[in-house]
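Colleague: Going from the sequence shown to the working numbering is simple: count from 1 and add 239.
To start, I am sharing the structure in question, which I have written as structure tokens.
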Amino acid sequence: MVSIEIHQRILGGEVAPKGPCPWQMLLSVEGGRSGGMVIGDRWILTAAHGLVHQHNNQVIKKSEVMAYVGDNNVENLLQSPPLEVASLHPHPGYNNTDGLSFNHDIALIKLQHPFTFSSSIMRVCLPAKGAEYSTGRVGWVSGFGLKDDDEKPSNLRYVRIPLVDQVKCRSSIDEVRKKKREAPDLTDGMFCAGLPEGGKDTCAGDGGGPYVLKYGGFLGSRDRQLGN
Numbered sequence: 240m241v242s243i244e245i246h247q248r249i250l251g252g253e254v255a256p257k258g259p260c261p262w263q264m265l266l267s268v269e270g271g272r273s274g275g276m277v278i279g280d281r282w283i284l285t286a287a288h289g290l291v292h293q294h295n296n297q298v299i300k301k302s303e304v305m306a307y308v309g310d311n312n313v314e315n316l317l318q319s320p321p322l323e324v325a326s327l328h329p330h331p332g333y334n335n336t337d338g339l340s341f342n343h344d345i346a347l348i349k350l351q352h353p354f355t356f357s358s359s360i361m362r363v364c365l366p367a368k369g370a371e372y373s374t375g376r377v378g379w380v381s382g383f384g385l386k387d388d389d390e391k392p393s394n395l396r397y398v399r400i401p402l403v404d405q406v407k408c409r410s411s412i413d414e415v416r417k418k419k420r421e422a423p424d425l426t427d428g429m430f431c432a433g434l435p436e437g438g439k440d441t442c443a444g445d446g447g448g449p450y451v452l453k454y455g456g457f458l459g460s461r462d463r464q465l466g467n
């Protein structure tokens, strides 16, 4: 998901009830928050920018990554021992030393030990190869990142935002650049989601988290993760 703003924020969202996002990870990376999602019994999908130093494009030490899952409350998560990280795998094509190049901004974290799946820990389904999704379809973004008031929330929050046409998204980015503001490039490996009027989005600490499309019913194990 591409956001015009450099930071990513859950704005205009609400507290997630217990249960609907059992794939949601809380990652503490070098003391800061980011997100991720369970995609296999030992694998977490997240954003590369959370695992790579911007100034030199070097991968951080795995010992700096603390991974938690299984609860919507941050305090409860932090009271449990973090999952042991075996290795970090950012996309080899990711290089964002200028702070604006988010192509291939995707990474995998391999855990030392497998998850024990339950009602509170489930994997999210990945989209089929070549899958296409129509403009306007609404997805769910979730995370533990900053709220509207720039405070770190104690509970997982989520918000619904629709997919946006790529042409319209490129036009919006061009308008930002006309105002002499920096804006990231939109590549064919990205998609856009959001509202024209704004007010609902992600924030600092949500990066790497899921954009999920529902497949029947409310959020559950058949949801498809489309982006992060």
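Every residue, glycine too, gets a C-beta built ideally from N, C-alpha and C.
Here the structure is a predicted model, which is why all the values come from computation and not from measurement.
The beta strand (DSSP E) with Arg-362 in it runs from where to where?
Modeller: Per DSSP, Arg-362 belongs to no beta strand (DSSP E) and is neither H nor E.
Colleague: Output needed for Val-363: all residues of its chain with C-beta closer than 7 Å, excluding positions within five of it in sequence on either side, in chain order.
Modeller: Cβ within range, chain order: Trp-262, Met-276, Val-277, Ile-278, Pro-449, Val-451, Asp-462, Gln-464.
Colleague: Between Arg-396 and Val-377, is the Cβ-Cβ spacing less than 8 Å?
Modeller: It is not a contact, given that the beta carbons lie outside the stated cut-off.
Colleague: In chain order, what residues of the same chain have a beta carbon less than 8 Å from the beta carbon of Gln-293, not counting five sequence neighbours either side?
Modeller: Result list for Gln-293: Asn-335, Thr-336, Gly-338, in chain order.
Colleague: Report the partner residues of Lys-349 according to the DSSP bridge assignment.
Modeller: Per DSSP, Trp-282, Ser-326.
Colleague: Helix, strand or coil: how does DSSP classify Arg-399 here?
Modeller: If DSSP states are grouped into helix, strand and coil, Arg-399 belongs with the strands.
Colleague: Return helix, strand or coil for Leu-290, following the three-state DSSP convention.
Modeller: It is coil, neither helix nor strand.
Colleague: In terms of DSSP beta bridges, what is Val-268 paired with?
Modeller: According to DSSP, Val-268 bridges with Gly-271, Val-304.
Colleague: Are Gly-239 and Ser-273 touching if we call contact CB-CB under 8 Å?
Modeller: Nothing can be reported for residue 239, as the shown portion of the chain is limited to 240 through 467.
Colleague: DSSP state of Leu-452, grouped into three classes?
Modeller: Three-state result, Leu-452: strand.
Colleague: Let me know the secondary structure DSSP gives Asn-315 once reduced to three states.
Modeller: Helix.
Colleague: Comparing C-alpha positions only, which one of Ser-373, Phe-341, Arg-420, Ile-348 sits nearest to Ser-326?
Modeller: If we check each option's Cα against that of Ser-326, Ile-348 comes out closest.
Colleague: Per DSSP, what kind of secondary structure is Ser-340 in: helix, strand or coil?
Modeller: Ser-340 falls in the coil class under three-state DSSP.
Colleague: Would you grab the beta carbon distance between Ala-367 and Leu-290 for me? Rounded to a whole angstrom, and I think it's under 8 Å.
Modeller: About 26 Å separates the two Cβ atoms, so there is no contact after all.
Colleague: For Pro-423, does the count of other Cβ atoms within 10 angstroms reach 16, so buried, or fall short, so exposed?
Modeller: Flag for Pro-423 reads buried.
Colleague: Would you check if the distance between the CB atom of Ser-359 and the CB atom of Gly-309 is smaller than 8 Å?
Modeller: In this structure, Gly-309 lies closer than 8 Å to Ser-359 by Cβ.
Colleague: Whole-angstrom Cβ separation of Met-305 and Pro-321, contact assumed at under 8 Å?
Modeller: Rounded, the Cβ-Cβ distance is 4 Å, consistent with contact.
Colleague: Just how far apart, CA to CA, sit Ser-393 and Asp-413?
Modeller: Computed Cα separation, rounded: 37 Å.
Colleague: Apart from the five residues just before and just after Glu-269, which ones in its own chain have a Cβ nearer than 6 Å to its Cβ?
Modeller: Excluding residues within five positions, the ones whose Cβ falls inside 6 Å are Glu-303.
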